[in-house]
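Each protein sequence line maps, in turn, to chains A and B.
Sequential numbering of the first sequence, starting at 543, is according to the numbering used here.
Sequential numbering of the second sequence, starting at 92, is according to the numbering used here.
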Amino acid sequence: MFAACLLPLLLFTLGAFGKGPMDLGADPVASILHGLGKTALNLLLITLAVTPLRKILHRPDLLRIRRMLGLFAFTYVLLHFTAYAWLDQSLDFRNVGSEIVKRPYILVGMTALLLLIPLAVTSTNKMMRRLGRRWQELHRLVYVITALGLWHFYWQVKKDIREPLIYIGIFAVLMGYRLITKSWPAKAQGKTAVPAPSPGN
Amino acid sequence: MKRTTFPILPSEITPEHVYLDRRRLLAMGAAGTALVTGGGLARALADAPTGVALKASRNQALSIADKPNTYEAITTYNNYYEFGTDKSDPAANSGNFKPLPWNVTVDGEAEVKGNFSFEDLIKPHALEERVYRLRCVEGWSMVIPWTGFPLADLIKRFKPTAKAKYVQFTTLRDPKQMPGQRSPVLDWPYVEGLRIDEAMHPLTFMVVGLYGKTLPNQSGAPLRLVTPWKYGFKNIKAIVRISFVEKQPRNSWQIAAPNEYGFYANVNPAVDHPRWSQATERRLGGSLLQQRVATLPFNGYASEVASLYAGMDLRRNF
């Protein structure tokens, strides 16, 4: 699993040097930038799939891989931002700063990155023990983070929104599962999962 | 009358690959002889639809000195939604497209109208090569050696009337050959337009070739427009209709997103796309760490074309 999570990074790195099976095409910067971003979204969705799979397959042990998946998602979000700041913007941080503020889709993506930081920081066993019940509440932020990431994806597409819509559909199914299992088993109706904000406008 | 029949021996039948090679040789021969313009080109094309060498000398005065992108980069990184929305789709999905035989309808406010074969359309024109910058509205750019002739020379033959204020171009609509048209990503067929003075401008180029060879399908074969001071989406491909009209046409991207894409689409670093900056561009073909370069007003052709827009608010007419 660890190796599988590292594979995209390896392929993009090899591709950047014109090696390996990944052809980055005429605009390698765009391929790397978008590829890292999509890998981050893939990992976020896989992370969100752990709980449903655990319950459906009666495999409580799946929980053990969730932390690693989440940390890899964070890693790819950071790499995605690094590719933007370094390869696309040539480390011109004044311009990066002004672009983040001026371009709503970048601001949305940046917000997702910042919100991931406390989750990564509190992912250790020690922090889990220290935060107790509040740990889970804090980590529900991942629903908001994924929604923001998908919004960021949807918003930067020029016209063909089919791919982001597939991502949003998968996210909706994963959130729908949570909503149903939460409200169905005759438990208190009060608590519901964070609903997915509608993408775009 | 007595009919004699000769049985055909299996050994006499030309194997297909030999036959095909022969046709290819014929095509190359046709292309290699003398000046391939008009009729010669069309004849050569009939034998080998793409990749026939064209005889055209470079117009140095209208070419930039920058090194062109590779043929591979230019022909594998295309925005041509008729074949799919991914940059690699046009090269992958245009194999079954038939650029010949080809007909172009000329109609509207002109004295000479009708249906013209590709051959008749290009026959009278001498071809030349021009190295132009191409700036995509997405923020990347290339340098491309096109082969063609001035659109103005073509338009003059149709004698547009005083009512012809604009020229409208239409791309082929044929979902069988153009699989991207099976999805309603854009309102097919693709339509573009120019003001008549833009169309008559010496930089406006009717393109039939790339890198000294006939256009490959993914680059808009057999006939496409190139207006180097405008964003790439103005450069309509696989043209089947040229209409002289009085009213400003609604072009496909303007129909798709009127707040993001206008009719003029002049390259302008001062007017951002609503979602992203147009101040800089990534010149493709450099190293991974190459910096973005400043986008120039009218894509560097301001001294030639800025006067066309004197007094116009380019922020409104984007």
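Using N, Cα and C, we set each Cβ at its ideal position, and we do this for glycine too.
Going by beta-carbon coordinates alone, are A/L605 and A/T688 separated by less than 9 angstroms? no
Checklist entry - Are B/K250 and B/A201 closer than 9 angstroms when you measure CB to CB? => result yes
(message) What are the residues in the region 601 to 626 of chain A lying within 7 angstroms of chain B by C-beta distance?
(response) none
Notebook entry, point to check: From A/C547 to A/M610, what distance separates their C-alpha atoms?
Noted result: In a straight line, the C-alpha of A/C547 is about 9 angstroms away from that of A/M610.
Take the Cβ of A/D603 as the centre, count every other Cβ of all protein chains shown within 10 Å, and call the residue buried at 16 or more, exposed below. Burial check for A/D603: the Cβ neighbour count within 10 Å stays below 16, so the residue is exposed.
* 4-residue-minimum alpha helix (DSSP H) runs that sit fully inside the region 573 to 656 of chain A, ordered along the chain -> 605 to 625 and 635 to 644
Problem set entry | Under 9 angstroms between C-beta atoms of B/L399 and B/P360 | It is not a contact, given that the beta carbons lie outside the stated cut-off.
Problem set entry | B/L294 vs B/L145 beta-carbon contact at 9 angstroms | no
Close Cβ partners of A/P594 (< 7 angstroms) along its chain, the five nearest in sequence each way excluded
For A/P594, where only same-chain residues beyond five positions count, the Cβ hits under 7 angstroms are L716 and Y719.
field: Residue-chain proximity (B/R366, chain A), Cβ-Cβ < 9 angstroms
entry: yes
| request: Taking all protein chains shown into account, decide if B/A348 is buried (16 or more other Cβ within 10 angstroms of its Cβ) or exposed. | output: Burial call: exposed.
> Rounded to the nearest angstrom, how far is the Cβ of B/Y223 from that of B/P319, given a contact under 8 angstroms?
Replying inline: 4 angstroms
Taking the continuous beta strand (DSSP E) assigned at B/F209, which residues delimit it?
Here B/F209 belongs to no beta strand (DSSP E); instead the alpha helix (DSSP H) covers F209 to I213.
* Asked: Any heavy atom of the ligand SAH closer than 8 angstroms to the CB of A/A582?
  -> Looking for the ligand SAH in the displayed structure turns up nothing, as the structure carries no ligands at all.
Alpha carbon to alpha carbon, how far is B/P140 from B/V299? Confidence at B/P140 is low in this model, with a pLDDT of 49, below 50, so the placement of that residue should be treated as unreliable; the coordinate-derived value is given next. Taking the straight line joining both Cα atoms gives about 11 angstroms.
Checklist entry - Which residue from B/G377, B/A253, B/T176 and B/V282 puts its Cα closest to that of B/I327? => result B/V282
Cβ shell of B/L405 (< 7 angstroms), same chain only, five flanking positions each side left out
N357, N359 and V362
What whole-angstrom Cβ distance do B/E220 and B/G303 have, given they're in contact under 8 angstroms? 7 angstroms
- Message: On the criterion of 16 or more Cβ atoms from any shown chain inside 10 Å, does A/S640 qualify as buried, or is it exposed?
- Response: Exposed.
(Q) Please state whether the Cβ-Cβ distance between B/Q259 and B/G199 is less than 9 angstroms. (A) yes
Check your understanding: For A/F635, is the classification buried or exposed, using 16 other Cβ atoms within 10 angstroms of its Cβ as the cut-off for buried?
Key -> exposed
Counting along the chain, where does the beta strand (DSSP E) carrying B/L285 start and finish? V282 to R286
_Could you tell me which whole beta strand (DSSP E) segments of length 3 or greater appear in the region 270 to 358 of chain B?_
282 to 286, 296 to 301, 315 to 317 and 330 to 336
Subject >> is_contact[B/K178, chain A] using C-beta, thresh 9 angstroms >> reply: At a cut-off of 9 angstroms, the C-beta of B/K178 has a neighbouring C-beta in chain A.
- [ ] Report, in whole angstroms, the separation of the C-beta atoms of B/P340 and B/Y257, which I expect to be a contact under 8 angstroms.
- [x] 6 angstroms
### Query
Of all the CB atoms in chain B, is at least one closer than 9 angstroms to the CB of A/V643?
Any Cβ of chain B closer than 9 angstroms to the Cβ of A/V643 would place that residue at the interface, and such an atom is absent.
B/D288: which of B/T261, B/T305, B/A253 and B/S368 sits nearest, CA to CA? B/A253
Name the one or two DSSP bridge partners that B/R374 has. B/S232
Along the beta strand (DSSP E) that carries B/E219, what are the first and last residues, could you check? E219 to R226
Enclosing beta strand (DSSP E) for B/Q259 [first to last residue]: Boundaries of the beta strand (DSSP E) harbouring B/Q259: Y257 to T262, taken from the DSSP string.
Point to revise | Separation of A/V592 from A/H600, as counted between CA atoms | key: Spanning the two alpha carbons is a distance of roughly 11 angstroms.
What residue does the alpha helix (DSSP H) around A/V715 start on, and which one ends it? R704 to S725
Contact set between B/T167 and chain A, taken where Cβ atoms lie within less than 7 angstroms = G567 and A568
Span separating the alpha-carbon of A/V619 from that of A/G579:
6 angstroms
| task | Could you confirm whether any beta carbon from chain A is found closer than 9 angstroms to the beta carbon of B/A385? | result | no
*Does the distance from the C-beta atom of A/L661 to that of A/G612 stay below 9 angstroms?*
yes
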